[in-house]
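Notes for the one structure printed next.
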RNA sequence: UGUCUCAUGGUGUAAUGGUAGCACUGCAGUUUUUGGUACUGCCUGUCAAGGUUCGAAUCCUUGUGAGACAACCA
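Okay, here's the thing in structure tokens:
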């Protein structure tokens, strides 16, 4: 495990954005200054797709000695809430990033307003009183030019007066908008007199009722970048068509030698994973999940509670890269990232999920032996822990088979198997109820084969885990599978996505037992158990419930979960 | 029948005119006190057709396919 680090690492090739940034620095664009921003709208929780953007925005600043602001793009008060503002900050911090400054687009409302007024005075904007339907009709289609609004040549003074009114409350929502006067025949639809301002009567989570007229994304984003001093405005591919407008707005007023540049990269898509905020909100509101941080959700909080570490998310993002190709990443790449990280760091513990009683017929009735188990087989410095061993144990139901096929390495009658960290035992039989279900398994232990004794080196094909019946604790176990059962949910756009929910995404199993010392191991964040998978204690958890996570980990994994 | 963008193994991503490599997945094997881990090997690729060139994944042309854009969302 240590020589892994000794391997000389081949220098990682730069992605296209890093290459661009290095070129910009060399050529002295914006005096070689690097400033980025992460601009979420506070209308939902951050998900793994945002993590990709976060790693880019903060990562570029970190790598090239620049700065990165966290800017809340809060220009639509009807959808935004303080709850989201707080959650977003927590998630970014959990990922390990620090913003240079925290800001809000709403802080620039006055500047944007003044700028809009200037646009009107310059004859570059006008108040349109048409309905949105009328405006949509005259906008044309991507293949046909649009036609001019009857208000397009409205005198500047009139527009100015009406614009003031838009912000006093006397104009109802939808009655008028401020539009930029550009080109109704432009091949880029965004140039056909885009809306700059509209009326929203919903109070804003920060500015209250101070404003009634709110800027649209296109009029706000580039300007905010400019006001802040952003040099590299990085966003996802769907904003590509907006870039000419982004530049056009800036061209209208910027007169310094500085200007921000927008660059787009591909957004994250993962198989079996829905990342639409709208749909996630619906899952939460309809109670189909327990909340935004339900472990089945692709949110940062959900992944955290499912046992993902910040390091695993970083390594995942690192592996998928940034291009302009709209990729669909296999979820196994994400899963391998957490396995890799936990395998290295996680402490191994024992737990039996689907227990069946194993009785060692020749073991003294009241004897308790403390068995020593390593915490991490790949890391000696991780230490050891003790597990109580008794005559009556629980083993996994599927670790025993009465009529076993040849390739079955675990427990079967007349065959030897090793109890991990304890003795080699030989199965002698089992007991069944009337229905034929196995209720108990019997075996004899070999006292000479306790772990550490010379005899224990005997070759035995199988090794199984166990817990002492007397010392075990019952636990609520939740088994998580994928929330969706279609490979690419985005292909099912027309379907109600709820039809795509996997009915097995959450299975509660109350029969599980865990060994007692787990209860006292609150200081440990991560646990791993090898054949069954990986354990993780939810850092938010206070209860002793366990969550079984089927997707993460080798085949299965566990997360301790709060009630 | 518009504008813009993209196309490399099953998936994702490198190679920036000079040996098509890496990771994930899958399949084999070695080691193993869990069938895990670790290590080794294997499978599979430049969308197509032309052109430029000593040499093309890379440059040019045409075609094909995919995506984005017609919200008073961001």
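In my numbering, the protein residues as written are 5 to 567.
Heads up, the beta-carbon is just placed ideally off N, CA and C, and yes, glycines get one too.
Endpoints, the beta strand (DSSP E) within which residue i is located
i           : result
residue 225 : Run containing residue 225: none in the beta strand (DSSP E); it sits in the alpha helix (DSSP H), 221 to 232.
residue 124 : Note, residue 124: premise wrong, no beta strand (DSSP E); alpha helix (DSSP H) at 113 to 125.
residue 300 : From DSSP, residue 300 is part of no beta strand (DSSP E); its letter is neither H nor E.
residue 132 : 129 to 132
residue 203 : 199 to 203
residue 42  : 39 to 42
residue 266 : 265 to 269
residue 247 : Residue 247 -> not in any beta strand (DSSP E); alpha helix (DSSP H) instead, spanning 247 to 257.
residue 390 : 388 to 393
residue 237 : 236 to 240
residue 184 : 181 to 184
residue 108 : 106 to 108
Exposure of residue i, with buried meaning 16 or more beta-carbon neighbours within 10 Å
i           : result
residue 502 : exposed
residue 224 : buried
residue 176 : exposed
residue 20  : exposed
residue 624 : Lying outside 5 to 567, the shown extent of the chain, residue 624 is not represented and no answer is given.
residue 546 : Note that residue 546 scores a pLDDT of 35, beneath 50, so its modelled location is shaky and nothing firm can be said.
residue 354 : buried
residue 422 : buried
residue 16  : exposed
residue 435 : exposed
residue 341 : buried
residue 404 : buried
residue 305 : buried
residue 182 : buried
residue 266 : buried
residue 214 : exposed
residue 544 : Bear in mind that the predicted position of residue 544 carries a pLDDT of just 40, short of 50, making it unreliable; the figure below should be weighed with that in mind. Looking at its Cβ environment, which holds fewer than 16 other Cβ atoms inside 10 Å, residue 544 is exposed.
residue 326 : buried
residue 533 : Bear in mind that the predicted position of residue 533 carries a pLDDT of just 47, short of 50, making it unreliable; the figure below should be weighed with that in mind. Answer is buried; the Cβ neighbour count reaches 16.
residue 127 : exposed
residue 329 : exposed
Under 9 angstroms between C-beta atoms of residue i and residue j
i           : j           : result
residue 84  : residue 46  : yes
residue 376 : residue 456 : yes
residue 219 : residue 129 : no
residue 1   : residue 364 : Summary: the structure shown does not reach residue 1, with the chain confined to residues 5 through 567, and so no result is reported for it.
residue 250 : residue 243 : yes
residue 197 : residue 184 : yes
residue 506 : residue 492 : no
residue 49  : residue 88  : yes
residue 191 : residue 146 : yes
residue 37  : residue 173 : no
residue 51  : residue 279 : yes
residue 293 : residue 398 : no
residue 418 : residue 431 : yes
residue 424 : residue 373 : no
residue 496 : residue 487 : no
residue 313 : residue 269 : no
residue 208 : residue 44  : no
residue 39  : residue 65  : yes
residue 383 : residue 348 : yes
residue 473 : residue 394 : yes
residue 621 : residue 62  : Given that the chain is displayed from residue 5 to residue 567, the structure contains no residue 621 and the question cannot be resolved.
residue 442 : residue 400 : no
residue 339 : residue 319 : no
residue 357 : residue 415 : no
residue 237 : residue 41  : yes
residue 287 : residue 298 : yes
N- and C-terminal bounds of the alpha helix (DSSP H) containing residue i
i           : result
residue 285 : 281 to 289
residue 76  : Run containing residue 76: none in the alpha helix (DSSP H); it sits in the beta strand (DSSP E), 71 to 76.
residue 53  : 52 to 67
residue 165 : 160 to 170
residue 398 : Element bounds for residue 398: not the alpha helix (DSSP H) but the beta strand (DSSP E), 396 to 400.
residue 141 : 136 to 142
residue 86  : 86 to 98
residue 21  : 20 to 31
beta-carbon residue i near the ligand PLP non-hydrogen atom, thresh 8 angstroms
i           : result
residue 379 : Absence of the ligand PLP is noted for the structure shown, with no ligands found whatsoever.
Counting only runs of 3+ residues fully inside the stretch 321 to 383, write out the beta strand (DSSP E) ranges in chain order. Listed in chain order, they are 359 to 364, 373 to 378.
For the structure I just gave you, are there three or more beta carbon pairs, one from the stretch 92 to 112 and one from the stretch 75 to 82, closer than 8 angstroms? Because the criterion of three Cβ pairs below 8 angstroms is met, the stretch 92 to 112 and the stretch 75 to 82 touch.
Inter-stretch contact at 8 angstroms, needing at least 3 Cβ pairs: the stretch 226 to 235 / the stretch 197 to 210: In short, these stretches do not touch, since the Cβ pair count stays below three.
In the stretch 421 to 467, which residue ranges form an unbroken beta strand (DSSP E) of at least 3 residues, counting only runs that do not cross its ends? Fully enclosed beta strand (DSSP E) runs of 3 or longer: 428 to 436, 442 to 449.
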